[in-house]
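Report on the structure given below.
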Amino acid sequence: MKNIVLIGFMGTGKTSTGRLLAGRLNRPFIDIDKKIEQETGLSISDIFQLYGEDHFRQLEREVISRVARYTNTVIATGGGVVLKQENMIRLKNTGIIVSLTASLETILERTSRRGVRPLLDCEDRAERVAKLFHDRANLYMKADYTLDTTCMPPHQVTEKIIALLREGGHLRGRS
Ligand code: S3P
28 MKNIVLIGFM GTGKTSTGRL LAGRLNRPFI DIDKKIEQET GLSISDIFQL
78 YGEDHFRQLE REVISRVARY TNTVIATGGG VVLKQENMIR LKNTGIIVSL
128 TASLETILER TSRRGVRPLL DCEDRAERVA KLFHDRANLY MKADYTLDTT
178 CMPPHQVTEK IIALLREGGH LRGRS
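Numbering of the sequence shown is given in the numbering used here, commencing with residue 28 and proceeding in unit increments.
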């Protein structure tokens, strides 16, 4: 079976939903950021601080190129994975892409913890979120399915994704 790949802006629930979805479908779960952290022994924030964003994007690209060869796996990506077209081509080749969205207010609230998302560690977070969100909006739309998670907890998002995938004939059995 194809992978199920969650894309979307920071704070749209990719990691928590991905974990639940993998459990529900009895599939392995990979979180790209976690994998980068495990392989480098550094947090995402440390990688940005020590080596810069370009270096992080290279690591991300390299991990995606390996993980995209998996099958039957639920993959949660980092919000910036859409910035490189080659990442998306690879992930699309072997997976169904599900894009999670949320309102700007929800994103701001869900990403309010500092020191976790280096791109949002700045004085005017609201302005930064709005700009990044606007710049990337078209990229997140290049998905097979899109789901607004604004008022939904991850378990509900998970059930919606399963319903969409089943309707589309992408799931076998009764999950
Ligand atoms: C990023 C999102 C983060 C992480 C890194 C860059 C982005 O992942 O990959 O801080 O460019 O949107 P989450 O979307 O899981 O927060």
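C-beta atoms are modelled at their ideal positions from N, C-alpha and C, and glycine is treated no differently.
As the structure is a computational prediction, the values presented were derived from the model and not from experiment.
Inset, instruction - Please check the pair V32 and I116, which I expect to be a contact at CB under 8 Å, by giving their CB distance rounded to whole angstroms. - result: Their Cβ separation, rounded to whole angstroms, is 12 Å, which puts V32 and I116 out of contact at 8 Å.
Inset, instruction - Assess, as a yes-or-no matter, whether the region 175–195 is touched by the region 141–154 under the definition of 3 or more beta carbon pairs within less than 8 Å. - result: Short answer: they don't touch.
Inset, instruction - Report the three-state DSSP secondary structure of S43 (helix, strand or coil). - result: S43: helix per DSSP, three-state reduction.
Inset, instruction - May I ask you to list the residues that DSSP assigns as paired with S126? - result: Beta-bridge pairing by DSSP links S126 to I34 and T173.
Inset, instruction - Would you give the residue range spanned by the alpha helix (DSSP H) that D58 belongs to? - result: For D58, no alpha helix (DSSP H) encloses it; the enclosing beta strand (DSSP E) starts and ends at F56 to D58.
Inset, instruction - Alpha carbon to alpha carbon, how far is D73 from I63? Give it in angstroms, no decimals. - result: Taking the straight line from one Cα to the other gives about 12 Å.
Legend entry - Limits of the unbroken alpha helix (DSSP H) element including A164: Run containing A164: R152 to Y167, per the alpha helix (DSSP H) assignment.
Inset, instruction - Between the Cα of I134 and those of G195, F83, T177 and R51, spot the shortest distance and give me the residue it belongs to. - result: Checked all of G195, F83, T177 and R51; the closest Cα to I134 is T177.
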